[in-house]
Amino acid sequence: MGDFTQIHEASPTIAGGEQMHIDAHLQCEQMASIELVREAMGAKKLTIRDLAIQSGIHKSRLGAVLHGTPEKRSLVTLPEYQRILKTLGISLIQASVKIEASVHADENTRTLYELLARLYVQIPPQVIAALDELNGIDTSIIREDWSGPLTQAITKKLVDTILGIQGRRDALAQI
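The opening residue of the sequence shown carries number 0 in numbering that gives the first Met the number 0; numbering runs sequentially from there.
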């Protein structure tokens, strides 16, 4: 995905407010969201016509939204964007995380965001399935305020796993 940090970093702020900074950030995210779609189309070898047929959005509308020149693009509505993403097999969560990642200049940060996007999508159904397997668990006791401790536990496990993988790679490299 394109690097939009130059727009983001070059945006001036208004004294007493951050409106111009926010506007530049939104512009970055809008550009990134369209780039995400264009890249997914390229990966799937879909034309605008193909996407129009599969998504049910008129071809000329898609052409305006996905125009190759950012200045000539029309704004996409949320329902249109959701239909496009669904057609491309991208969840809204994945798209959101990928868009957020695209505004970071550091490739390692973008890679981490990609990993987290997959985790965000895969964890909920796996937790639900695991709880379903534990007969008698009352899921009504689960509360939103558990997110902090769960985030800490998942982060610790993720870091431990990464360190373990790195340790095994280092050991293999020495052989």
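Glycine included, each C-beta is placed from N, C-alpha and C at the ideal position.
Since the model is a prediction, treat every value here as computed from it, not as a measurement.
Boundaries of the alpha helix (DSSP H) in which E79 is found, first to last residue: 77 to 87
Buried or exposed by the 16-neighbour rule on C-beta atoms within 10 Å, applied to S54: buried
Presumed contact (8 Å Cβ cut-off) between L35 and I47, rounded CB distance: Contact doesn't hold; Cβ gap of about 15 Å is too wide.
With 16 other Cβ atoms within 10 Å as the buried cut-off, status of I140: exposed
First through last residue of the alpha helix (DSSP H) which encompasses V64: 58 to 64
Spatial neighbours of I83 in its chain, beta-carbon cut-off 6 Å, leaving aside the 5 residues before and after: V36, S54
Option in K44, L45, L65 with minimal Cα separation from A31: L65
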